[in-house]
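Everything below concerns the one structure shown next.
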Amino acid sequence: MKRFLPHPVLSLALVLMWLLLTRFSLGQLLLGGAVALVAGRALATIEPEGPRIRLGALWRVVPLTAVVFADILKSNLLVARRILRGARAPSGFVRVPLRLRGPMPLAVLALILTATPGSAWMSWDEEKGELLVHVLELDGTDWPALIRDRYEAPLLEIFA
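Residue numbers (my numbering): 3 to 162.
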């Protein structure tokens, strides 16, 4: 079964997304299923092992998701306020040393940071284990500690 459907969760998510974006019909279900199977097999050739996720730590996904959504909402409001008031707080780059390794956990962290307005993942130095992040407002916040505590710690628990 693993050979035919190497990434079942990804395939199911793709089929559901396909059906949400198109009108639901038998033809669209079959076409979405075919695309999902091809995408799952293509991903298996790129990354044959897949991410190692600790099933006992999956409960951490819910609070992490809540934190991320709250941070996105808060950041949207702060960026909107900054634009509307014309405030000029200093922006800049911050280096964040990380313990997180592996393409999947780093990709999730990149998604979180880039989805949050006011911050952007700029580069990753694999040798040093250091992340470069652009921050819109350098307001005295300890950004490395914030990123490590709010995002990296739960991701370390989720990904083995």
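Don't be surprised by glycine CBs; every beta carbon is placed ideally from N, CA and C.
Rounded C-alpha distance that separates residue i from residue j
| i | j | result |
| --- | --- | --- |
| I85 | Y153 | 27 angstroms |
| G131 | F6 | 36 angstroms |
| T47 | F161 | 21 angstroms |
| L60 | A82 | 34 angstroms |
| G104 | L32 | 34 angstroms |
| A89 | G142 | 16 angstroms |
| V37 | A44 | 10 angstroms |
| V11 | V69 | 23 angstroms |
| D144 | S77 | 16 angstroms |
| T67 | P146 | 20 angstroms |
| R87 | F71 | 24 angstroms |
Residues of its chain near residue i, where Cβ-Cβ distance is below 8 angstroms and the 5 sequence neighbours each way are ignored
| i | result |
| --- | --- |
| L158 | R101, L102 and P107 |
Option nearest residue i by Cα separation, candidates the options
| i | options | result |
| --- | --- | --- |
| I74 | L115, M124, F6 and L22 | L115 |
| V110 | L57, W145, I149 and A91 | I149 |
Same chain only: Cβ atoms within 6 angstroms of residue i, ignoring 5 sequence neighbours per side
| i | result |
| --- | --- |
| G94 | L140 |
Supposed close pair residue i, residue j - CB separation, criterion 8 angstroms
| i | j | result |
| --- | --- | --- |
| G42 | P8 | 5 angstroms |
Neighbourhood of residue i by C-beta, 7 angstroms cutoff - its chain only, sequence neighbours within 5 removed
| i | result |
| --- | --- |
| L134 | F95, R97, M124 and S125 |
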